[in-house]
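Residue numbers (UniProt numbering): 1 to 253.
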């Protein structure tokens, strides 16, 4: 019960701070106001960020599920509480770094958030997870992966990095290719088809945002969305008895 309360309070704190960031707003600017200040081609359209609502809902269900008597003693929940609190604190810290325009620091915090979510993901899959045990963190890890790339791109743009003389279109296409490789890597090696779905969602949003401005980026984003979609169905290891790192078979229940 104590673990349930701690996790629930951590999630509530994250949701409250993220809400206040856009309703107060913190430092007089919403999260989107800052994001839209620079024309960073890797940034998706505004509607894409609604995925946070999905993430928070899935995390809430995961926390409440972990409070059930049948689930309380499972390592999936018992061994992840501290990491979840840490990830929540990093999520909150990132909001303040972003809103007070400490962008280089925000990148470091975002990398910390990504690391903490990856660690939760790893712990979960080492403890005989069901599909629903891993689902929230597949989505969360997917989105934070995309957000980390976007955060780095924004920070470099803010500091007027010249990209070694290469165009922003070139670098955006390169980032899309790297992100695609990451999505397909996790799909293949972790037997996780949810994680790459987040990249498809983000890529389509990147295409929508750049319509009429950067046709090469739009084309690449849509094509790579299709590539990931095909990869979800085709990239399957023959041995499905493991999901990596010594885990047992992933059960769908």
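All residues carry an ideal CB built from backbone N, CA and C; glycine is no exception.
Which value, in whole angstroms, describes the spacing of the CA atoms of residue i and residue j?
i, j, result
"residue 163", "residue 153", "10 Å"
"residue 218", "residue 178", "16 Å"
"residue 272", "residue 212", "The structure shown has nothing for residue 272, since the chain only spans 1 to 253."
"residue 159", "residue 92", "24 Å"
"residue 1", "residue 235", "40 Å"
"residue 121", "residue 132", "12 Å"
"residue 129", "residue 69", "17 Å"
"residue 237", "residue 29", "47 Å"
Can you tell me which of the three DSSP states residue i falls into?
i, result
"residue 70", "coil"
"residue 80", "coil"
"residue 130", "strand"
"residue 40", "coil"
"residue 30", "coil"
"residue 196", "helix"
"residue 159", "coil"
"residue 237", "coil"
"residue 141", "helix"
"residue 100", "coil"
"residue 21", "helix"
"residue 210", "coil"
"residue 185", "helix"
Which whole-angstrom value is the C-beta distance of residue i and residue j, which I expect to be below 8 Å?
i, j, result
"residue 216", "residue 173", "7 Å"
"residue 77", "residue 3", "7 Å"
"residue 21", "residue 88", "Going by Cβ atoms, the distance from residue 21 to residue 88 rounds to 15 Å, so no, they are not a contact pair."
"residue 157", "residue 38", "5 Å"
"residue 139", "residue 198", "6 Å"
Taking 7 Å as the cut-off, decide whether the C-beta atoms of residue i and residue j are in contact.
i, j, result
"residue 44", "residue 209", "yes"
"residue 196", "residue 232", "yes"
"residue 113", "residue 146", "no"
"residue 127", "residue 75", "yes"
"residue 184", "residue 224", "no"
"residue 214", "residue 48", "no"
"residue 193", "residue 136", "no"
"residue 109", "residue 119", "no"
"residue 7", "residue 84", "yes"
"residue 100", "residue 27", "yes"
"residue 228", "residue 204", "no"
"residue 80", "residue 123", "yes"
Can you determine whether any heavy atom of the ligand ATP sits closer than 6 Å to the C-beta of residue i, and answer yes or no?
i, result
"residue 96", "The ligand ATP is not among the ligands present in this structure, which contains no ligands whatsoever."
I'd like to know whether the C-beta of residue i is nearer than 7 Å to at least one C-beta of chain B.
i, result
"residue 230", "Going by chain labels, chain B is absent from the structure shown, which holds only one protein chain."
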